[in-house]
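Be aware that the sequence shown starts at 351, since it is given in the working numbering, and climbs by one per residue.
Virtual Cβ for every residue (Gly too), placed ideally from N, Cα, C.
Since we're looking at a predicted model, the values are computed, not measured.
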Amino acid sequence: MTCPRCGRPQPPPDAPGAPRAGATRYCVHCGRVLAGVRWVALPPDALRPREPRTPRRPYTGPPRYPATPRWSLRSWMPAPEPGAEGPLPIPAPRAPDAVLRRTGGLLARVATVTAVLAGLGALAEAVRYGLLVASRSSALPSGPVTASDALVALFGVLAPAAALATGVLFLWWLHQARGIGATLSGTRPARRFRAVVVGSVLPGPNLTVPGSALTELEHAASGLPRDERPRPSAPVRRWWVAWDASVVLGVAAVLRGLGASTQALADSVLLHAIADVAAAVAALATVRVVTHLTELLAPELRSAGREAVLGVGPARSPGSVPAAAEDGDAAGGGRGGGVGAEVG
């Protein structure tokens, strides 16, 4: 073996001074390690033929089928076998009237919660204003101030969240009610639902668009002539005034709160309290107008009452009673001529 460093030949293994078999061998002249393996560097997978790579095609959209596919995902649970009575009955779809009544009931409950939270928020703002007035003459302890800040912050988050939920439910109820009103009156709403939503959100149009939509809905639900101009009833007018007042006061409170002076901050607290009261009144007016219009569009049939005796008159002979009176008594009585009335 020749040393790769010095190039001198090495003595044979059986020569004196040669390392024993199996031990690491070093050059007897320069001391370099004599490796028995020759290292050859090759690129990865150089000995294995590489498969040709297919170029990736650009995305051309979702798959298209010439006909409706008949395959589907496998269900996790098998369909129940029909019993002795036959297959299970398919539930009937809900009627639009029932859906409207259900949505109106949910909206009334959420609006009531909003009114309660807005009223508590107004009370918290009033307490804060009282603390501001009291702090003009003397310093206040930290306990009442911390509690007031916590209550204002709490109801300042809960009341707007509940008001947002009320607004979303109100628009959804209005969409369902407009569809039923158009079916009953045989007309088409003057505005699209998208225009109603945008007009209810944008500042400025939100003062007129929701009230106009409710007025048109009430006109269609009341069965009035199509060519007659819609006029709002008392519940719709009250809701319209309460809604506009709450919007205007809320914007005024926010704009006044942008001031940096002490008087601006005090005025902002007072305006927030008044705006919360207006929001509570608007929420209660929403409950009233939703109940009123739901009763017009989808009245719920009540079960008949029972007959009750309201009074006993003097005894009369059968011959002196006219036939019409006998018919009226048998039917439960007419206008003041019978002995019974239907109460429910």
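First and last residue of the uninterrupted alpha helix (DSSP H) at residue i
i	result
Thr516	492-535
Ala465	446-484
Ala603	584-606
Gln360	Unbroken run through Gln360: none, as it is neither H nor E.
Where residue i falls, given that 16 or more other Cβ within 10 Å makes a residue buried
i	result
Gly513	Here residue 513 turns out to be Ala, not Gly, going by the sequence shown. So Ala513 counts as buried.
Val598	exposed
Gln613	exposed
Val601	exposed
Gly444	A quick correction: the sequence has Arg, not Gly, at residue 444. Exposed, since its Cβ has fewer than 16 Cβ neighbours within 10 Å.
Gly561	buried
Gly531	buried
Ala592	buried
Ala484	exposed
Val546	buried
His379	exposed
Ala434	exposed
Glu325	Because the chain in this structure spans residues 351 to 694, residue 325 falls outside the shown range and cannot be described.
Glu586	One point to set straight first is that residue 586 is Val, not Glu, in the sequence displayed. Label assigned to Val586: buried.
Asp308	Residue 308 is absent from the structure shown; the chain starts at 351 and stops at 694.
Leu457	buried
Ala472	buried
Glu475	buried
6 Å CB neighbourhood of residue i in its chain, flanking five on each side removed
i	result
Gly529	none
Asp617	Arg606
Ala633	Ala461, Thr464, Ala465
Ala629	Ala468, Ser596
Trp589	Ala635, Val639
Pro744	What the structure shows of the chain is the stretch from 351 to 694, and residue 744 is not part of that stretch, so it cannot be assessed.
Beta-carbon proximity list for residue i, same chain, < 8 Å, skipping 5 on both sides
i	result
Val460	Ala512, Ala515, Thr516, Leu519
Arg382	Cys353, Pro354, Arg355, Cys356, Tyr376
Sequence-distant residues of its chain with Cβ nearer than 7 Å to residue i (five each side left out)
i	result
Asp594	Leu557
Thr644	Leu450, Arg451, Gly454
Arg478	Ser498, Val502, Val619
Arg407	none
Leu521	Val547, Ser550
Ala527	Leu450, Leu567, Leu643, Leu647
Helix, strand or coil at residue i [DSSP, three-state]
i	result
Val551	helix
Thr565	helix
Thr418	coil
Leu615	helix
Glu780	Since the first residue of the chain shown is 351 and the last is 694, residue 780 is not available in this structure.
Ala410	According to the sequence provided, residue 410 is Thr. The question's Ala does not apply to it. Thr410: coil per DSSP, three-state reduction.
Arg576	coil
Ala675	Confidence at Ala675 is low in this model, with a pLDDT of 41, below 50, so its placement is unreliable and the value that follows should be read with caution. Ala675: helix per DSSP, three-state reduction.
Ala632	helix
Arg541	coil
Pro560	helix
DSSP beta-bridge partners of residue i
i	result
Thr352	Pro359
Tyr376	Val383
Neighbour flag for residue i against chain D, beta carbons, 8 Å
i	result
Thr453	Absent from the structure is chain D; it holds one protein chain and no more.
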